[in-house]
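**Student:**
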Amino acid sequence: MGQVRKLKLAVLISGGGSNLQAILDACAKPDYPAEVVLVFANQLDAGGLDRGRRAGIRAEAISHKGYEGGREAYDAAVSALIEESGADLVVLAGYLRLVSDSFVTRWKDRLINIHPSLLPSFKGLGVHQAALDAGVKFAGCTVHYVVPEVDSGPIIAQAVVPVLPGDDAGKLAQRILKQEHKIYPQVIRWIADGRVSVDAKGIVTVADAKTLEMADINPVLEPG
Numbered sequence: 001m002g003q004v005r006k007l008k009l010a011v012l013i014s015g016g017g018s019n020l021q022a023i024l025d026a027c028a029k030p031d032y033p034a035e036v037v038l039v040f041a042n043q044l045d046a047g048g049l050d051r052g053r054r055a056g057i058r059a060e061a062i063s064h065k066g067y068e069g070g071r072e073a074y075d076a077a078v079s080a081l082i083e084e085s086g087a088d089l090v091v092l093a094g095y096l097r098l099v100s101d102s103f104v105t106r107w108k109d110r111l112i113n114i115h116p117s118l119l120p121s122f123k124g125l126g127v128h129q130a131a132l133d134a135g136v137k138f139a140g141c142t143v144h145y146v147v148p149e150v151d152s153g154p155i156i157a158q159a160v161v162p163v164l165p166g167d168d169a170g171k172l173a174q175r176i177l178k179q180e181h182k183i184y185p186q187v188i189r190w191i192a193d194g195r196v197s198v199d200a201k202g203i204v205t206v207a208d209a210k211t212l213e214m215a216d217i218n219p220v221l222e223p224g
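Residue 224, in UniProt numbering, is where the sequence shown stops; the numbers in between run on with no holes.
Below, the structure written as structure tokens:
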């Protein structure tokens, strides 16, 4: 029996790459149906680049600052790297840069992002403090397909955490980040297995989703 082809991932980062590491750890398991073929950063000193290199993965960086031709030209260069890598799915993992409409169009239905709020609430930046200021009792993270409108694409999965007395933005961010590290590899597995579909209204269905698959990434009773 021939070896099953794994889904090839290009992971885009801007910083330390903790979500990247969670994905790399998942990919290291023999039964995981995906592999990272490119780590890309828009910051030359992004710590996540070393994570990729230590894993033996191609890691590239191009600074966006003062890039000749502006955003469109920059994103075209990024797309060229992704295409050269042979990636099937582009994974934004702490990529703190808005991508152009042309980039979204180029990778339509093959471009996902993780956002540290329960979308559609608290889009953009500063979301942890915004959640606290709003007095919400639960927060969390969302994995979604990327569309031109920021943080507005079809929602694939969400993980929920409680907001606890005495929380500040940093404490809440760390609690959510723990769940990001669980939910992102899970969603990538679903996509690699061909289980994710989006209907005409932008509603995502995961075929044969089991309750237990989501239980570990919705630990609303786990305060730590």
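For every residue, glycine included, the Cβ atom is placed at its ideal position computed from N, Cα and C.
Computed from a predicted structure; not experimentally measured.
Using the DSSP secondary-structure output, state which residues sit across from K8 in a beta bridge.
**Tutor:** Taking the first residue of the sequence shown as position 1, residue 8 is located at position 8. Per DSSP, E35.
**Student:** Is the beta carbon of W190 sitting closer than 9 Å to the one on I155?
**Tutor:** The residue given as residue 190 occupies position 190 in the sequence shown. The residue given as residue 155 occupies position 155 in the sequence shown. Cβ atoms of W190 and I155: not closer than 9 Å.
**Student:** Provide the residue span of the beta strand (DSSP E) that contains S197, from first to last.
**Tutor:** Here the question's residue 197 lines up with position 197 in the sequence shown. First-last of the beta strand (DSSP E) with S197: V196 to V198.
**Student:** Sort out for me which residues DSSP pairs G124 with in a bridge.
**Tutor:** Residue mapping note: residue 124 aligns to position 124 of the sequence shown, counting from 1. Answer is none; G124 lacks a bridge partner.
**Student:** CB-CB under 6 Å to Q21, same chain, minus the five flanking residues each way: which ones, in chain order?
**Tutor:** Within the sequence shown, the letter at position 21 stands for residue 21. The residues are R51.
**Student:** Which runs of the alpha helix (DSSP H) spanning at least 4 residues fall entirely within the stretch 149-205, listed in chain order?
**Tutor:** Fully enclosed alpha helix (DSSP H) runs of 4 or longer: 169-192.
**Student:** Just the Cα atoms here: how many angstroms apart are A192 and A34?
**Tutor:** Taking the first residue of the sequence shown as position 1, residue 192 is located at position 192. Taking the first residue of the sequence shown as position 1, residue 34 is located at position 34. If you take the alpha carbons of A192 and A34, they lie about 6 Å apart.
**Student:** So is S14 buried or exposed if we call it buried at 16+ other beta carbons inside 10 Å?
**Tutor:** Position 14 of the sequence shown, counting from 1, holds the residue named residue 14. Counting Cβ neighbours within 10 Å, S14 comes out buried, since at least 16 surround it.
**Student:** By DSSP, does E83 sit in helix, in strand, or in coil?
**Tutor:** Residue numbering aside, residue 83 sits at position 83 when the sequence shown is read from its first letter. E83: helix per DSSP, three-state reduction.
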